[in-house]
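Residue numbers (the numbering used here): 542 to 1006. Even for Gly, the Cβ is constructed at its ideal location relative to N, Cα and C. Below: the structure, in structure tokens.
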């Protein structure tokens, strides 16, 4: 069997989705980068405080993304089966869960900001700056939760341009308001980290308004109405829980793990926190295609299964793995050769600069592993129907290997932040060996029988070998 699929439609769909989602992601991360750069020019403690607060928001993002990923896997299959009504009901399920998650996170963070921040560092100045930021930014959780589900619903039916338009608008609004409110230009008050928080909150509100206008007046595929979100069908909900709950749990565990990683580095000083924030933000910018390829894969595989073309899945999986490796090598080279120039935009200590360079060097190597194993497991395996494997795999690697080894290195052996960072990112290479075996055994492929309008039973997941 050839390693490359010969269908032009496969490449057109995959690369179009990847390109547009990638552009959307780069602009979305650009919002974080603008906060990062402008706060980085304000003070190092402010940068560290915002970085800690953003780790808490990252947990929310992972949870909401988990809800959205489960939605996309299910809805893309129904899109392949041309069952629009079921897509609307699945969107309603995702919306309820996402709003619940957003409200719960807001309550915890708004009422107990210092407790949440102190989990990551004991530096009082960093906690003080972080509290100013998080008390305001927590109000954006509700708006973010709704917007994310609406975009996930659109993505499941291959409508991705709205995400790009939305992210572009958000970036412009955020950058302009950051400039005005952080430093107090043109007569605006000089608010520092609070200005950055107000800017991001305003951008989140505006992007929700835009996506709601698009869904109501411009979408022609699903034609969602407000009343659709009040519909609830128990069989579909059970099906969603079967496919989506492992994804939600996996993302929650991953979000906690990323927070724990920041906490380990955070207890090594403000310089380590700032360096990690810079390295991670730059990494997210240059690796957008990696994450976009996983999202595109979910739609391609899910739709193909929904159409009943199970015979094509193996060929698609083989080709996708090769494409992932090309993306990884390109991303690693780009990160390695841009790392020095990026740091010129920051006002940080020499210690933080050295650490940031070391961290980005590590990431330029491990990103090759990330580019292969992440879309292979979260894109191919998950969308193929085996949503539990990633949960088990991430739990074992992160909580039984990476975090214990990193904690021992930091608190028992007192190793340098550079060595600890290597330990924290080692799973990105180790998971590749698991991904190679898992994907190419093809036991993750599941056929699908969609819910029929005349039936009260949900569609079944049918094991295929």
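- When the alpha-carbon of residue 558 is set against those of 693, 671, 632, 662, the nearest one is in 693.
- Counting only runs of 3 or more residues that sit fully inside the segment 545-630, no beta strand (DSSP E) segment turns up.
- Comparing alpha carbon positions, the residue from 676, 622, 785, 840 closest to residue 562 is 840.
- A distance of 8 Å or more separates the beta carbons of residue 677 and residue 749.
- By the beta-carbon neighbour count (other beta carbons within 10 angstroms, threshold 16), residue 863 is exposed.
- The residues 745, 746, 749, in chain order, have a CB closer than 6 Å to that of residue 684 in the same chain once the five nearest residues on each side in sequence are set aside.
- Here DSSP, grouped into helix, strand and coil, assigns residue 637 to helix.
- Three or more Cβ pairs drawn from the segment 821-835 and the segment 862-879 lie within less than 8 Å of each other, which places the two stretches in contact.
- Counting the other Cβ atoms within 10 Å of the Cβ of residue 844 gives 16 or more, which makes it buried.
- Non-local C-beta neighbours of residue 719 in its own chain, meaning closer than 8 Å and more than five positions away in sequence, comprise 575, 576, 579, 736, 737, 740, ordered along the chain.
- Counting along the chain, residue 800 sits inside the alpha helix (DSSP H) bounded by residues 775-807.
- Relative to the Cα of residue 697, the nearest Cα in the group 910, 628, 955 belongs to 628.
- Contact check for residue 591 against residue 734 passes: the beta carbons are separated by less than 8 Å.
- Excluding its 5 nearest sequence neighbours in each direction, residue 617 has C-beta neighbours in its own chain below 6 Å: 697, 840, 843, 844, listed in chain order.
- When secondary structure is reduced to three states using DSSP, residue 761 falls in the coil class, being assigned neither helix nor strand.
- Secondary structure note for residue 726: it is in no alpha helix (DSSP H), with a DSSP letter that is neither H nor E.
- With 16 or more other Cβ atoms from the protein chains shown falling within 10 Å of its own Cβ, residue 586 counts as buried.
- Annotation for residue 924: 614, 839, 842, 843 place their beta carbon closer than 6 Å to its own, counting only its chain and skipping 5 residues before and after.
- Just so you know, the alpha carbons of residue 667 and residue 661 end up roughly 10 Å apart.
- Taking every protein chain shown into account, the CB of residue 665 has fewer than 16 other CB atoms within 10 angstroms, so this residue is exposed.
- Note that the C-beta distance between residue 909 and residue 922 is not below 8 Å.
- Taking a C-beta distance under 8 Å as the contact criterion, residue 765 and residue 568 do not qualify as a contact pair.
- Check the Cα spacing between residue 818 and each of 722, 728, 901: the tightest is with 901.
- Rounded to whole angstroms, the Cβ separation of residue 916 and residue 798 is 19 Å, and the two are not in contact under 8 Å.
- The C-beta separation of residue 608 from residue 690 comes to about 7 Å, placing the pair in contact by the 8 Å criterion.
- For residue 651, the CB contacts under 6 Å within the same chain, skipping 5 residues up- and downstream, are 679 in chain order.
- Of the candidates 705, 594, 624, 631, 705 places its Cα closest to the Cα of residue 564.
- The shortest C-alpha to C-alpha distance from residue 669 to any of 701, 623, 593, 633 is the one to 593.
- Pairing residue 893 with residue 820 gives a Cβ-Cβ distance that is not under 8 Å.
- Along the length of the segment 651-710, whole alpha helix (DSSP H) runs at least 4 residues long occupy 654-659, 665-678, 681-697, reported in chain order.
- Straight-line measurement puts the Cα of residue 979 at about 8 Å from the Cα of residue 985.
- DSSP places residue 903 in the helix class (H, G or I) of the three-state scheme.
- Minimum Cα-Cα distance from residue 553 among the listed residues 888, 947, 699, 938 corresponds to 699.
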